[in-house]
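Worksheet for the structure shown next.
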Ligand code: BTN
C-alpha cells in the first residue's frame with residue numbers, strides 16, 4: 001500500500017503541471033481505476049491538493065505543508081536507506097522509538113523521523129532541544145556486519161553525509177567538529193548520537209540519531225545556547241524544506257555507507273579530514289591533569305583523533321576535552 005502510494009506520488013510529481021490519465025496510472029501501478037481514485041482521496045486527506053479533470057486525468061496542484069512519510073519518500077532516490085520509514089508528530093525521542101523497532105526486528109535502513117521531540121537527547125546525557133517543525137529529528141537503524149569497536153566510524157561517515165548535503169542543497173561549507181558535531185560559522189548546527197546494541201563481537205544493530213537545526217529563529221534558540229548553537233535559517237536567512245534535506249542526507253549516507261562496507265574506512269577518512277573543523281590548526285587539549293597545545297593532524301581508523309604535540313610527537317585522543 002505504502003509503496004503504491006509512493007509510486008503514485010512520484011508519477012504525478014514527475015509530470016509536474018501535466019495531467020496523467022487514470023488509465024495510465026492504473027496500467028503503471030497495476031491496480032484498478034477505482035483503487036486509483038481511492039488513493040487520490042487518501043492523498044487529499046493528507047493535504048495534497050489534486051485536480052481531477054474528466055478525459056485528462058489527475059495532477060498535483062500543491063503538496064501538503066505537513067511532513068509525512070509520503071512527502072519524504074516521493075523524491076527519495078535511495079535503494080535501501082529509508083525505504084522503510086516511520087513518521088511521528090510528537091515523540092519523547094526518535095532514538096527510543098528506533099531502539100524498540102530494532103528490537104522488534106526492523107530491517108537495516110529503517111528510518112524514524114519526528115516533527116517534535118519532548119525528550120530529545122544528546123551525547124553525555126545532555127538534552128537536545130527539538131522544537132516542533134523547526135528541525136530534522138531523525139534516527140536510522142543500521143545492521144552492519146562489522147566488529148562493535150568499528151561503530152564510531154559510522155558516526156564519522158554520517159557526519160560526512162550531513163556536510164555533503166549541506167554543501168549540495170544549502171550551499172554552505174559546514175565543518176565536522178570531532179567527534180560528532182557539525183559546525184557552521186563557529187556555532188553548532190547539528191549533532192549525531194550513535195547508540196549500539198551488540199554482543200561480544202557481533203553488532204545486533206546501530207542507531208544513528210541526527211539532530212539538525214533548520215528553520216529556528218533566534219527566539220527559538222534557548223538563551224543558554226545562543227552563543228554556541230545556530231540554525232540554517234539564522235546563518236543563511238533562508239527557510240529550507242526539511243524533506244529535501246532528509247532526502248539528500250539519506251542518499252549521501254547510503255552512498256558513503258556502501259563504499260565503507262565494500263572498501264573499508266579509507267573511503268570515509270579522507271572526506272572526513274577534508275571537512276574537519278580546525279584541521280591543521282593549533283588546539284588546546286585538556287586531559288585529567290594536563291593542558292597542552294597541539295596541532296590537529298587527522299583521525300585514525302578507529303575514529304580517534306591524531307594530534308601532534310609541541311615536540312612533534314604524535315598523540316592519539318579518544319575522549320579528551322578540547323578547547324576549540
Ligand atoms: C549531540 O550533539 O550530543 C547529539 C544530538 C543528537 C540529537 C538527535 S535528534 C534525533 C535523535 N533523537 C534523540 O533523542 N537524539 C538524536
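Numbering (the UniProt record's numbering), first residue to last: 1 to 324.
Note that beta-carbon positions come from the ideal geometry of N, C-alpha and C, so glycine has one too.
Only a predicted model underlies this, so the values are computations on that prediction, with no experimental measurement involved.
Proximal residues to residue i (C-beta, below 6 Å), its chain only, five neighbours per side dropped
i           : result
residue 112 : 86, 94, 97, 98, 139
residue 25  : 36
residue 326 : No statement about residue 326 is possible, as the shown extent of the chain runs from 1 to 324 and does not include it.
Other residues of its chain near residue i: CB distance less than 7 Å, five sequence neighbours each side excluded
i           : result
residue 244 : 169
residue 17  : 59
residue 196 : 148, 151, 203, 206
Per-residue DSSP class, three states only, for residue i
i           : result
residue 1   : The pLDDT assigned to residue 1 is 46, lower than 50, so where the model puts this residue is not dependable; a value taken from the coordinates is nonetheless given after this. Residue 1 falls in the coil class under three-state DSSP.
residue 245 : helix
residue 268 : helix
residue 122 : coil
residue 37  : helix
residue 165 : helix
residue 200 : coil
residue 290 : strand
residue 98  : helix
residue 59  : strand
residue 134 : coil
residue 255 : helix
residue 227 : coil
residue 274 : helix
residue 301 : coil
residue 323 : strand
Residue nearest to residue i in terms of C-alpha spacing, selected from the options
i           : options            : result
residue 302 : 312, 313, 318, 197 : 318
residue 63  : 72, 218, 55        : 72
residue 187 : 228, 164, 119      : 228
residue 44  : 27, 129, 33, 65    : 65
residue 255 : 120, 223, 183, 154 : 154
residue 263 : 199, 54, 146       : 146
residue 3   : 29, 23, 267        : 29
residue 68  : 90, 80, 61, 52     : 90
residue 321 : 124, 76, 100, 107  : 124
residue 14  : 74, 70, 42         : 74
residue 42  : 8, 53, 242, 23     : 8
residue 163 : 117, 234, 76, 192  : 192
residue 212 : 219, 224, 240      : 240
Inter-residue spacing [alpha-carbon to alpha-carbon] between residue i and residue j
i           : j           : result
residue 247 : residue 151 : 23 Å
residue 47  : residue 56  : 22 Å
residue 144 : residue 205 : 7 Å
residue 314 : residue 285 : 13 Å
residue 1   : residue 103 : Low per-residue confidence applies at residue 1: pLDDT is 46, beneath 50, and the placement is therefore not dependable, though the value from the model is reported in the following sentence. Going from the Cα of residue 1 to the Cα of residue 103 covers about 24 Å.
residue 173 : residue 236 : 11 Å
residue 82  : residue 249 : 10 Å
residue 259 : residue 33  : 42 Å
residue 290 : residue 179 : 21 Å
residue 221 : residue 101 : 31 Å
Same chain, Cβ closer than 8 Å to residue i, neighbours up to 5 away in sequence not counted
i           : result
residue 88  : 94, 97, 112, 113, 114, 115
residue 324 : 177, 277, 278, 283
residue 20  : 11, 12, 57, 58, 59
residue 308 : 294, 295, 297, 314, 315
residue 160 : 176, 252, 256, 268, 271, 272, 275
residue 304 : 316, 317, 318
residue 219 : none
For residue i, the residue or residues it bridges with in DSSP
i           : result
residue 88  : 114
residue 67  : None; residue 67 has no bridge partner.
residue 139 : 112, 209
residue 52  : 58
residue 308 : 295, 314
residue 261 : In the DSSP output, where bridge partners are listed per residue, residue 261 has none listed.
residue 183 : 175, 188
residue 193 : 209
Any non-hydrogen atom of ligand 3 within 6 Å of residue i CB
i          : result
residue 94 : Looking for ligand 3 in the displayed structure turns up nothing; the ligands present are ligand 1.
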